[in-house]
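The structure under discussion appears below in the form of structure tokens.
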Amino acid sequence: MHDVDVAPMDTERLAPFLRPDRAEEFRMLAETGRRRFGGRTVWNVSSTAAGGGVAEMLHRLVRYTKGAGVDSRWVVIDGSPEFFAITKRIHNRLHGETGDDGPLGEDERRVFQEVIADNAKPLLDQVRPEDVVLVHDPQPVGLLPLLRDRGVVAVWRCHVGTETTNECTDDAWAFLRPWVDTAAAAVFSRAEYVPDWIPETRARIIAPAIDPLSAKNAPLDDDAVLAILGRAGILDHSGDGAVFADSDDRERTADLEAQVRRVGGPLSPDVPVLLQVSRWDRLKDMAGVLRAFVDAALGAETGAHLLLVGPDVSGVTDDPEGKQVLDECVAMWEQLPSETRATASLVSLPMDDLDQNAAIVNALQRHAAVVAQKSLREGFGLTVAEAMWKGRPVVGSAVGGIQDQVRDGVDGLLIADPHDLGAFASAARTLLTDPPAAQRMGAAAHERVRDNFLADRDLAQWGTLLADLGVGG
Numbered sequence: 045m046h047d048v049d050v051a052p053m054d055t056e057r058l059a060p061f062l063r064p065d066r067a068e069e070f071r072m073l074a075e076t077g078r079r080r081f082g083g084r085t086v087w088n089v090s091s092t093a094a095g096g097g098v099a100e101m102l103h104r105l106v107r108y109t110k111g112a113g114v115d116s117r118w119v120v121i122d123g124s125p126e127f128f129a130i131t132k133r134i135h136n137r138l139h140g141e142t143g144d145d146g147p148l149g150e151d152e153r154r155v156f157q158e159v160i161a162d163n164a165k166p167l168l169d170q171v172r173p174e175d176v177v178l179v180h181d182p183q184p185v186g187l188l189p190l191l192r193d194r195g196v197v198a199v200w201r202c203h204v205g206t207e208t209t210n211e212c213t214d215d216a217w218a219f220l221r222p223w224v225d226t227a228a229a230a231v232f233s234r235a236e237y238v239p240d241w242i243p244e245t246r247a248r249i250i251a252p253a254i255d256p257l258s259a260k261n262a263p264l265d266d267d268a269v270l271a272i273l274g275r276a277g278i279l280d281h282s283g284d285g286a287v288f289a290d291s292d293d294r295e296r297t298a299d300l301e302a303q304v305r306r307v308g309g310p311l312s313p314d315v316p317v318l319l320q321v322s323r324w325d326r327l328k329d330m331a332g333v334l335r336a337f338v339d340a341a342l343g344a345e346t347g348a349h350l351l352l353v354g355p356d357v358s359g360v361t362d363d364p365e366g367k368q369v370l371d372e373c374v375a376m377w378e379q380l381p382s383e384t385r386a387t388a389s390l391v392s393l394p395m396d397d398l399d400q401n402a403a404i405v406n407a408l409q410r411h412a413a414v415v416a417q418k419s420l421r422e423g424f425g426l427t428v429a430e431a432m433w434k435g436r437p438v439v440g441s442a443v444g445g446i447q448d449q450v451r452d453g454v455d456g457l458l459i460a461d462p463h464d465l466g467a468f469a470s471a472a473r474t475l476l477t478d479p480p481a482a483q484r485m486g487a488a489a490h491e492r493v494r495d496n497f498l499a500d501r502d503l504a505q506w507g508t509l510l511a512d513l514g515v516g517g
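The C-terminal residue of the sequence shown carries number 517 in the working numbering, and the numbering is unbroken.
Listed below in structure tokens is the structure:
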């Protein structure tokens with residue numbers, strides 16, 4: 045187990061992004077938090093500090109909690125490859141998918157318990173009974189009963205789920221239930237994700253949110269966007285000005301290069317881009333986006349270029365399937381005719397500097413004409429809110445949290461069946477060939493996020509939950 049160092053962010057920095065009434069409410073929330081949680085530490089436990097939306101949400105949660113004057117810490121558990129293969133299996137099954145078809149039996153429970161035992165001592169040596177511990181997702185769930193036995197208020201936050209149940213979801217929940225049952229409360233992104241055996245009194249719904257001041261979402265002017273993508277080797281641009289604000293609000297210059305699989309040199313900045321940014325995960329369906337784009341000949345018809353962008357898989361420790369999924373996408377791309385292959389690129393972003401990684405994603409989302417999120421299953425989909433905040437219309441699957449963010453025909457276009465490649469291509473074509481409509485939807489998307497998915501809202505909900513649990517009362 046190791047600590048993640050997060051610098052505090054003054055909560056007043058959020059005020060310019062909020063409507064006046066929300067800004068004042070957030071000031072009052074920060075003051076209440078200082079009084080209520082003074083002398084306590086709010087701990088967050090997860091399985092990785094990088095590589096997905098959960099890590100990004102935790103960075104935001106911790107830095108604003110600290111900025112409000114509340115002691116907050118974030119620790120990441122260590123685990124074996126066998127452990128993370130099991131947790132990936134659970135992840136897939138909580139989405140209703142079989143994953144690797146492996147079992148979730150007593151042998152897997154033994155591996156789980158061994159990893160938790162190895163991580164428990166350093167945490168329990170530091171946590172006090174008056175503290176609060178937020179345990180994120182299935183990986184560290186085994187810590188819950190140990191924390192309860194110490195008299196600690198421990199809350200489980202589940203960031204994944206699906207609206208329907210089947211044998212896969214039942215299998216995963218049966219495995220997790222003995223630990224989840226010991227949580228003081230269980231928090232989900234959507235009401236539809238709560239299993240029926242969790243009492244209403246112990247279940248809470250808190251949708252994720254984005255930080256408008258993070259390196260991934262902070263304002264970038266057009267020159268900075270082009271310069272950052274030029275330095276990354278994605279666009280053909282050699283100008284200066286690849287400057288961004290990092291997670292500690294320091295001005296930095298981007299200089300890392302992405303790994304780009306493409307035909308020819310960097311892309312001209314004048315070429316419209318259809319973009320999907322996600323982990324290399326089958327449920328994100330990067331391969332489906334590529335197949336839909338090439339089958340409909342969208343590159344030849346619209347002049348657009350498809351960018352499929354994910355992390356360097358060697359830098360994501362808790363997702364053992366990432367390399368396999370990337371390799372499958374590369375193999376599909378390599379088998380395309382050369383003229384078709386030239387209309388799409390696969391991009392792996394470096395993970396050794398997370399702020400630069402975030403700045404590149406920020407620039408990509410701002411440069412894109414249209415952003416896609418063709419997930420087959422989706423817990424929430426923070427990349428959707430990120431793109432919408434930047435005024436980009438989204439073509440997304442009507443699954444999970446995507447349908448909570450995008451209003452069909454208002455902020456973007458939703459695909460009823462995520463497996464329907466033709467419907468996805470048609471929606472993408474509509475926005476790529478009608479810039480005024482795309483601009484109109486993008487403007488509505490920005491306001492949608494401003495009103496519903498910024499950091500002040502979920503911080504307030506967390507404060508209410510802990511108050512209801514009697515913390516600091």
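Glycine included, every Cβ here is placed at the ideal spot set by N, Cα and C.
Straight-line CA distance for Gly-195 to Glu-174? Start at 1 with the first residue of the sequence shown, and residue 195 comes out as number 151. Start at 1 with the first residue of the sequence shown, and residue 174 comes out as number 130. Going from the Cα of Gly-195 to the Cα of Glu-174 covers about 8 Å.
Length of the line joining the Cα atoms of Ile-272 and Ala-228: For this step, residue 272 is matched to residue 228 along the sequence shown. For this step, residue 228 is matched to residue 184 along the sequence shown. Computed Cα separation, rounded: 45 Å.
For Glu-430, which residues from the same chain have a beta carbon less than 7 Å from its beta carbon, with the 5 sequence-adjacent residues on both sides left out? Stepping through the sequence shown from its first residue, residue 430 is reached at position 386. Within the same chain, Glu-430 has close Cβ partners Ile-254, Lys-260, Asn-261 and Gln-409.
Would you kindly check if the distance between the Cβ of Leu-167 and the Cβ of Val-119 is under 8 Å? By one-based count along the sequence shown, residue 119 stands at place 75. By one-based count along the sequence shown, residue 167 stands at place 123. Yes. Within cutoff.
Quick one: is Arg-492 buried, meaning 16 or more other Cβ sit within 10 Å of its Cβ, or exposed? Translated into positions along the sequence shown, residue 492 becomes position 448. With 16 or more other Cβ atoms within 10 Å, it is buried.
Could you give the DSSP three-state label for Asn-496: helix, strand or coil? Along the sequence shown, one-based indexing puts residue 496 at 452. Residue state, collapsed to three classes: helix.
Hey, quick one: how far does the beta strand (DSSP E) through Val-321 stretch, first residue to last? By 1-based counting over the sequence shown, the position of residue 321 is 277. Unbroken beta strand (DSSP E) run through Val-321: 317-321.
Just how far apart, CA to CA, sit Ile-459 and Asn-496? Taking the sequence shown and counting its residues from 1, one reaches residue 459 at position 415. Taking the sequence shown and counting its residues from 1, one reaches residue 496 at position 452. Approximately 22 Å between the Cα atoms of the pair.
Leaving out five residues on either side along the sequence, give the residues of the same chain with a beta carbon under 8 Å from the beta carbon of Asp-325. Indexing the sequence shown from 1 puts residue 325 at position 281. The answer, listed in chain order, is Asp-363, Glu-365, Gly-366 and Val-369.
Alpha carbon to alpha carbon, what distance is there between Pro-252 and Pro-355? Looking up residue 355 in the sequence shown gives position 311. Looking up residue 252 in the sequence shown gives position 208. Each residue's alpha carbon lies about 21 Å from the other.
With distances taken Cα to Cα, identify the nearest neighbour of Ala-59 among Trp-506, Arg-501 and Gly-123. As a position in the sequence shown, residue 59 is number 15, starting the count at 1. Nearest option by C-alpha distance: Arg-501.
Hey, out of Ala-344, Arg-335, Ala-386 and Lys-434, whose CA is closest to Ala-467's CA? Walking along the sequence shown from the start, residue 467 turns up at place 423. That would be Arg-335, whose Cα lies nearest to the Cα of Ala-467.
Closest Cβ-Cβ distance between Lys-328 and chain C: below 8 Å? Among the chains in the structure shown there is no chain C, since it carries only a single protein chain.
When DSSP builds the beta bridges, which residues end up paired with Gln-400? Taking the sequence shown and counting its residues from 1, one reaches residue 400 at position 356. Note: Gln-400 sits in no beta bridge, so no partner.
Between the Cα of Asn-136 and those of Gly-274, Asp-115 and Pro-182, spot the shortest distance and give me the residue it belongs to. Position 92 of the sequence shown holds residue 136. Looking at the Cα atoms, Pro-182 is the closest of the given residues.
What residues in its chain sit with their C-beta under 7 Å from that of Glu-207, if we drop five residues either side in the sequence? One-based indexing of the sequence shown puts residue 207 at position 163. Taken in chain order, the residues that qualify are Glu-236.
Proximity to Ala-511 [Cα-Cα], best of Phe-81, Val-204, Leu-178 and Ala-218: In the sequence shown, residue 511 corresponds to position 467, counting from 1. Of all alpha-carbon atoms in Phe-81, Val-204, Leu-178 and Ala-218, the one lying nearest the alpha-carbon of Ala-511 is that of Phe-81.
Where does Ala-508 land, buried or exposed, given buried means 16+ other C-beta within 10 angstroms? For the purposes of this step, residue 508 is taken as the residue at position 464 of the sequence shown. In the sequence as presented, Ala is not what sits at residue 508; that position holds Thr. Answer is exposed; the Cβ neighbour count stays below 16.
Given Thr-373, which residues of its chain have a CB within under 8 Å of its CB, disregarding the five upstream and five downstream residues? Sequence index remark: in the sequence shown, residue 373 carries index 329 (1-based). Before going on, a small fix: residue 373 reads as Cys here, not Thr. These residues qualify, in order along the chain: Trp-324, Met-330, Ala-331, Leu-334, Leu-352 and Leu-390.
Of the residues Arg-172, Ser-90, His-139 and Gly-308, which one's Cα is nearest the Cα of Thr-384? If you number the sequence shown from 1, residue 384 lands on position 340. Nearest C-alpha to Thr-384: Gly-308.
My parser needs the beta strand (DSSP E) runs of 3 or more residues fully inside the stretch 355-432; what are they? 388-393 and 414-417
Using only alpha-carbon positions, find the residue among Arg-84, Leu-327 and Leu-318 that is nearest to Lys-132. Looking up residue 132 in the sequence shown gives position 88. When only C-alpha atoms are compared, the closest one is Leu-327.
Is the separation between the beta-carbon of Arg-104 and that of Ala-489 shorter than 8 Å? The sequence position of residue 104 within the sequence shown is 60, counting from 1. The sequence position of residue 489 within the sequence shown is 445, counting from 1. For Arg-104 and Ala-489, no; Cβs fall outside 8 Å.
Backbone CA spacing between Leu-398 and Ala-93 [nearest angstrom]: Walking along the sequence shown from the start, residue 398 turns up at place 354. Walking along the sequence shown from the start, residue 93 turns up at place 49. Rounded to whole angstroms, the gap between the alpha carbons of Leu-398 and Ala-93 is 10 Å.
Which value, in whole angstroms, describes the spacing of the CA atoms of Ala-487 and Pro-480? Looking up residue 487 in the sequence shown gives position 443. Looking up residue 480 in the sequence shown gives position 436. Each residue's Cα considered, the two are about 11 Å apart.
Per DSSP, what are the beta-bridge partners of Phe-232 in this structure? Taking the sequence shown and counting its residues from 1, the one referred to as residue 232 is at position 188. Beta-bridge pairing links Phe-232 to Cys-202 and Ile-249.
Across which residues does DSSP place Asn-88 in a beta bridge pair? Counted from its first residue, the sequence shown places residue 88 at position 44. Partner(s): Trp-118 and Leu-178.
Three-state secondary structure (DSSP) of Ile-459: Walking along the sequence shown from the start, residue 459 turns up at place 415. In this structure, Ile-459 counts as strand in the three-state DSSP scheme.
Of the listed residues Lys-110, Asp-115, Ile-160 and Gly-97, nearest to Phe-128 (C-alpha basis): On the sequence shown, position 84 is the one that residue 128 refers to. Taking only the C-alpha atoms, the option nearest Phe-128 is Ile-160.
Run of the alpha helix (DSSP H) containing Arg-71, from where it starts to where it stops: To locate residue 71, count along the sequence shown from 1; it is residue 27. Where Arg-71 is concerned, the enclosing alpha helix (DSSP H) starts and stops at 64-81.
Alpha carbon to alpha carbon, how far is Leu-188 from Ser-124? Give it in angstroms, no decimals. For the purposes of this step, residue 124 is identified with residue 80 of the sequence shown, where counting begins at 1. For the purposes of this step, residue 188 is identified with residue 144 of the sequence shown, where counting begins at 1. Cα to Cα, the separation comes out at about 20 Å.
Chain-order list of residues whose beta-carbon lies under 6 Å from that of Ile-134 (same chain, five-residue window excluded): One-based indexing of the sequence shown puts residue 134 at position 90. Excluding sequence neighbours, Ile-134 sits near Pro-182 and Ala-216.
According to DSSP, is Met-105 helix, strand or coil? The residue given as residue 105 occupies position 61 in the sequence shown. A small correction: the amino acid at residue 105 is Leu; Met does not occupy that position in the sequence shown. Here Leu-105 sits in helix by DSSP.
Helix, strand or coil, according to DSSP, for Gln-303 in the structure here? The residue given as residue 303 occupies position 259 in the sequence shown. Strand.
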